[in-house]
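Data first, discussion second: the structure below is written as structure tokens.
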Amino acid sequence: MDWAFIEEALPALLRGAVATVAVSLAAIALGFATGAAIAAASTARARGPRVFAALYISFFRGVPLLVQLLLAYYALPFLGLDIPAIVAAVGTLALCCAAYAAEILRGGLALVPPGTVEAARLLGLTRSQAFLRIRLPIAAAAMRPALVGEAIMILKASSLISLVGILELTRTSQALASSTFMPLQSYALCGAIYLVINFTIMAAFRDRRRA
Amino acid sequence: MTQPFLLAERLERRVGDTQILAGIDLSVEKGEVVGLIGPSGSGKSSLLRCIAGLDPLTGGRVLVEGRVPAPGDGIVGMVFQQFNLWPHLTAQENVALALRLARKKSRAEAADRARAMLDRVGLLKLADRRPAQLSGGQQQRVAIARTLAVEPHLILFDEPTASLDPELTTEVLDVIRGLAETGLTMLVVSHEMGFVASVASRAVFLDHGKVLVDGPARSVFRDAAEPRLRRFLATYLQRVAWAPEPATPVTPGA
Numbered sequence: 001m002d003w004a005f006i007e008e009a010l011p012a013l014l015r016g017a018v019a020t021v022a023v024s025l026a027a028i029a030l031g032f033a034t035g036a037a038i039a040a041a042s043t044a045r046a047r048g049p050r051v052f053a054a055l056y057i058s059f060f061r062g063v064p065l066l067v068q069l070l071l072a073y074y075a076l077p078f079l080g081l082d083i084p085a086i087v088a089a090v091g092t093l094a095l096c097c098a099a100y101a102a103e104i105l106r107g108g109l110a111l112v113p114p115g116t117v118e119a120a121r122l123l124g125l126t127r128s129q130a131f132l133r134i135r136l137p138i139a140a141a142a143m144r145p146a147l148v149g150e151a152i153m154i155l156k157a158s159s160l161i162s163l164v165g166i167l168e169l170t171r172t173s174q175a176l177a178s179s180t181f182m183p184l185q186s187y188a189l190c191g192a193i194y195l196v197i198n199f200t201i202m203a204a205f206r207d208r209r210r211a
Numbered sequence: 001m002t003q004p005f006l007l008a009e010r011l012e013r014r015v016g017d018t019q020i021l022a023g024i025d026l027s028v029e030k031g032e033v034v035g036l037i038g039p040s041g042s043g044k045s046s047l048l049r050c051i052a053g054l055d056p057l058t059g060g061r062v063l064v065e066g067r068v069p070a071p072g073d074g075i076v077g078m079v080f081q082q083f084n085l086w087p088h089l090t091a092q093e094n095v096a097l098a099l100r101l102a103r104k105k106s107r108a109e110a111a112d113r114a115r116a117m118l119d120r121v122g123l124l125k126l127a128d129r130r131p132a133q134l135s136g137g138q139q140q141r142v143a144i145a146r147t148l149a150v151e152p153h154l155i156l157f158d159e160p161t162a163s164l165d166p167e168l169t170t171e172v173l174d175v176i177r178g179l180a181e182t183g184l185t186m187l188v189v190s191h192e193m194g195f196v197a198s199v200a201s202r203a204v205f206l207d208h209g210k211v212l213v214d215g216p217a218r219s220v221f222r223d224a225a226e227p228r229l230r231r232f233l234a235t236y237l238q239r240v241a242w243a244p245e246p247a248t249p250v251t252p253g254a
């Protein structure tokens, strides 16, 4: 691989990387928020929300993401919904992310010793204060590795949306490979960029206290 | 007739087929220190949890100062066997949080009061440590400071030393003994019979969810006329191990 190739390829790949990061961030933010709602539904007292959450989680964890993307890509127009491909793609990533995030959140919250919340309530904290100031932070410490892992999974899984025509990092390197006839170099650069992005995420959310 | 400070009437709690509390009658006056003793599963902890409003009753009623206690009202404080400190906060933050959120004190006021409370249990030096960096005895003393800080009218101790070794037990019991002398109203569940006998003004013996004996601590332990109580207390005598003579203090100039 020579420098001339890198110099020529890098601007386009970086534009693709920006798209990948933007799409992934949107999917992760939406996914974690939806995941919180699904987690709440899965621990609801009423049966309806619990059944919905169980079905939701088993569908999005049980069907390959690529198949979900293709379904969204073909099914939505079939249903008469004229949704841009990018929105369908990000939405599918987010819904899939939500299923995993819901399981992580549910498990993390279940790990918090009930006594810590009881102590908070007896000291006069309201229900929501006890949740936000005690239960959630304690759970967050336990969930952090799993949530960071899920964020990284989504960032990597976003390469799949290249198949429905979104011009992100993987799609850009495919185009580069076919226009330069240098597939090995193109994909090596592409992989290196993914690595740098994910390494940045891992470093940013490293547990400093435990190190 | 004036209403007692704490009143439990025909208190019942049943979970599924298990009768945990089978009609408890108990009244406690302000300033009393009541020791609750009895075998495991006799309902001591359940009784405290019902009084605190943590567990629902299935019969009877509990009134503290004439009102039904509920978590969140800050009237009843509780010190738990498992300490239940908040691991993400320092000792000082553990004490200060409820002062800020529930007692609406400013950050500075809450911090000052938290430090004063930690000083009272001898832990001011460790104010910036997190629970994981404290011994069990120190954690329990932080938990006591946290409870005292919000000035509950009644403090429940649920086997506060059950997960501590004898030395740490002593340091925690000394703190509780100090509180008993300040006129706080307290209910103490403990298997430390010597401690209950010396600190409590009154002792209540529970078995199978019922109060079998209720009387002045001295007579409950000395006379132990009730046969079930006699058998229970007798088991403690078998647990006295060989112990070395206390070290003779070195007299200066000898």
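Protein sequence lines correspond, in order, to chains A and B. Position one of the first sequence corresponds to residue 1 (the UniProt record's numbering), numbered consecutively onward. Position one of the second sequence corresponds to residue 1 (the UniProt record's numbering), numbered consecutively onward. Cβ coordinates follow ideal geometry from the N, Cα and C atoms, glycine included. It should be emphasised that the depicted structure is a prediction, and the values quoted were computed from it without experimental measurement.
Sufficient close CB pairs (3 or more, under 8 Å) joining the segment 174-182 of chain A to the segment 48-59 of chain A: Segment contact: the segment 174-182 of chain A against the segment 48-59 of chain A, fewer than three CB-CB distances shorter than 8 Å; contact not assigned.
Collapsed DSSP secondary structure at B:T161 in the structure displayed: Along the second sequence, read from residue 1 onward, the residue named residue 161 of chain B stands at position 161. Looking at B:T161 - three-state DSSP - the assignment turns out to be coil, as it is neither helix nor strand.
Beta-carbon of B:A8 versus every beta-carbon of chain A: anything under 9 Å? Mapped onto the second sequence, residue 8 of chain B falls at position 8. Under the Cβ criterion of 9 Å, B:A8 is not counted among the residues facing chain A.
Any chain A beta carbon closer than 9 Å to B:P87: Position 87 of the second sequence, counted from the first residue, corresponds to residue 87 of chain B. True, the Cβ-Cβ gap to chain A drops below 9 Å.
Indicate whether at least one CB of chain B lies closer than 9 Å to the CB of residue 213 of chain A. Chain A is shown from 1 up to 211; residue 213 of chain A falls before or after that span and cannot be answered.
State yes or no: is the beta carbon of A:R127 nearer than 9 Å to at least one beta carbon in chain B? In the first sequence, residue 127 of chain A corresponds to position 127, counting from 1. Interface criterion met: the Cβ of A:R127 is under 9 Å from a Cβ in chain B.
Excluding five sequence neighbours on each side, which residues of the same chain lie with their C-beta closer than 8 Å to the C-beta of B:P216? Mapped onto the second sequence, residue 216 of chain B falls at position 216. These residues qualify, in order along the chain: S201, R202 and A203.
So the candidates are A:Y73, A:A102, A:G91 and A:A85; which of them puts its Cα closest to the Cα of A:R61? Taking the first residue of the first sequence as position 1, residue 61 of chain A is located at position 61. If we check each option's Cα against that of A:R61, A:A102 comes out closest.
Which one or two residues does DSSP pair with B:M186 in a beta bridge? In the second sequence, counting from the first residue as 1, residue 186 of chain B sits at position 186. For B:M186, which the question treats as bridged, DSSP gives the partners B:V33 and B:I155.
Evaluate the contact criterion for the segment 31-50 of chain B versus the segment 183-196 of chain B: three or more CB pairs, one atom per stretch, below 8 Å. yes
Distance check for B:A8 and B:K30, CA to CA, integer angstroms please. As a position in the second sequence, residue 30 of chain B is number 30, starting the count at 1. As a position in the second sequence, residue 8 of chain B is number 8, starting the count at 1. Taking the straight line from one Cα to the other gives about 14 Å.
Assign B:K44 to one of two classes, buried (16 or more other C-beta atoms within 10 Å of its C-beta) or exposed (fewer than that). Along the second sequence, one-based indexing puts residue 44 of chain B at 44. With at least 16 other beta carbons inside 10 angstroms of its own, B:K44 counts as buried.
Given a threshold of 16 other Cβ atoms within 10 Å of its Cβ, counted over all protein chains shown, does B:I24 qualify as buried or as exposed? As a position in the second sequence, residue 24 of chain B is number 24, starting the count at 1. With 16 or more Cβ atoms within 10 Å of its Cβ, B:I24 is classed as buried.
Return helix, strand or coil for B:V196, following the three-state DSSP convention. By one-based count along the second sequence, residue 196 of chain B stands at place 196. B:V196 falls in the helix class under three-state DSSP.
Please classify B:F205: does DSSP put it in a helix, a strand, or coil? Here residue 205 of chain B refers to the residue found at position 205 of the second sequence. Residue state, collapsed to three classes: strand.
Looking at B:R228: is its Cβ nearer than 9 Å to the Cβ of B:F205? For this step, residue 228 of chain B is matched to residue 228 along the second sequence. For this step, residue 205 of chain B is matched to residue 205 along the second sequence. It is a contact, given that the beta carbons lie within the stated cut-off.
Tell me where the alpha helix (DSSP H) around B:Q138 begins and ends. Along the second sequence, read from residue 1 onward, the residue named residue 138 of chain B stands at position 138. Its alpha helix (DSSP H) spans residues G136 to A149.
If I follow the unbroken beta strand (DSSP E) through B:T18, where does it start and stop? Within the second sequence, residue 18 of chain B is the residue found at index 18, counting from 1. From DSSP, the beta strand (DSSP E) with B:T18 extends over T18 to V28.
Can you check whether the CB of B:V213 is closer than 9 Å to the CB of B:L156? Translated into the one-based positions of the second sequence, residue 156 of chain B becomes position 156. Translated into the one-based positions of the second sequence, residue 213 of chain B becomes position 213. The answer is no: Cβ separation not under 9 Å.
Quick one: residues in its chain with C-beta nearer than 7 Å to the C-beta of A:R206, no 5 flanking neighbours on either side, listed in chain order? Against the first sequence, residue 206 of chain A aligns to sequence position 206. Counting only residues of its own chain and dropping the five nearest sequence neighbours on each side, A:R206 has no CB closer than 7 Å to any other CB.
Closest Cβ-Cβ distance between A:G124 and chain B: below 9 Å? Counting from one through the first sequence, the residue named residue 124 of chain A turns up at place 124. Chain B contact via Cβ: present.
Give me, in chain order, the residues of the same chain whose beta-carbon lies closer than 6 Å to that of B:G53; leave out the 5 immediate sequence neighbours on both sides. Stepping through the second sequence from its first residue, residue 53 of chain B is reached at position 53. Cβ within range, chain order: P69, A70 and P71.
Proximity test, Cβ basis, 9 Å: A:R121 and chain B: Looking up residue 121 of chain A in the first sequence gives position 121. Yes, because at least one Cβ of chain B sits closer than 9 Å to the Cβ of A:R121.
Check whether chain B comes within 9 Å of A:A211, counting only Cβ atoms and requiring the distance to be less than that. The residue labelled residue 211 of chain A in the question sits at position 211 within the first sequence. Legend: pLDDT at A:A211 = 41, less than 50; position of this residue unreliable, no value from coordinates given.
Quick one: is B:A254 buried, meaning 16 or more other Cβ sit within 10 Å of its Cβ, or exposed? For the purposes of this step, residue 254 of chain B is identified with residue 254 of the second sequence, where counting begins at 1. Here the model assigns B:A254 a pLDDT of 43, short of 50, so the residue's position is not dependable, and the following value carries that caveat. B:A254 is exposed by the Cβ-count criterion.
Tell me which residues share the same chain as B:R115 and place their Cβ nearer than 7 Å to its Cβ, disregarding the 5 neighbours each side in the sequence. Translated into the one-based positions of the second sequence, residue 115 of chain B becomes position 115. For B:R115, the CB contacts under 7 Å within the same chain, skipping 5 residues up- and downstream, are Q92, L124 and A127 in chain order.
Does the CB of B:M78 have a neighbour CB from chain A at under 9 Å? Looking up residue 78 of chain B in the second sequence gives position 78. Chain A contact via Cβ: present.
Limits of the beta strand (DSSP E) - the one that A:M153 falls within: As a first step, residue 153 of chain A must be located in the first sequence, where it is residue number 153. Where A:M153 is concerned, there is no enclosing beta strand (DSSP E), although the alpha helix (DSSP H) it sits in stretches over L136 to A157.
Interface residues of chain B facing A:I138 [CB-CB closer than 9 Å]: Reading the first sequence from its first residue, position 138 is the one you call residue 138 of chain A. Simply W86, P87 and H88.
Quick check: what's the CA-CA separation for A:L105 versus A:L30? On the first sequence, residue 105 of chain A is found 105 positions in, with the first residue counted as 1. On the first sequence, residue 30 of chain A is found 30 positions in, with the first residue counted as 1. C-alpha separation (whole angstroms): 15 Å.
Please tell me whether A:R45 has its Cβ less than 9 Å away from any Cβ of chain B. Position 45 of the first sequence holds residue 45 of chain A. Not closer than 9 Å to any Cβ of chain B, the Cβ of A:R45 fails to qualify, so no.
Let me know the secondary structure DSSP gives A:G80 once reduced to three states. Locating residue 80 of chain A in the first sequence gives position 80, counting from the first residue. In the structure shown, A:G80 sits in coil (DSSP, three-state: anything other than H, G, I, E or B).
CB contact below 9 Å: A:A12 versus chain B: For the purposes of this step, residue 12 of chain A is taken as residue 12 along the first sequence, with counting starting at 1. With 9 Å as the cut-off, A:A12 does not count as an interface residue toward chain B.
Please confirm if A:A141 has its CB atom under 9 Å from at least one CB of chain B. As a first step, residue 141 of chain A is located in the first sequence; it is residue number 141 there, counting from the start. Interface flag for A:A141 against chain B is set, since a Cβ pair is found closer than 9 Å.
Based on the DSSP secondary-structure assignment, which residues constitute the bridge partners of B:L7? As a first step, residue 7 of chain B is located in the second sequence; it is residue number 7 there, counting from the start. Answer is B:S27 and B:L63, bridged to B:L7.
Alpha carbon of A:A203 to alpha carbon of A:V18, nearest angstrom: The sequence position of residue 203 of chain A within the first sequence is 203, counting from 1. The sequence position of residue 18 of chain A within the first sequence is 18, counting from 1. Distance between the alpha carbons of A:A203 and A:V18 is about 19 Å.
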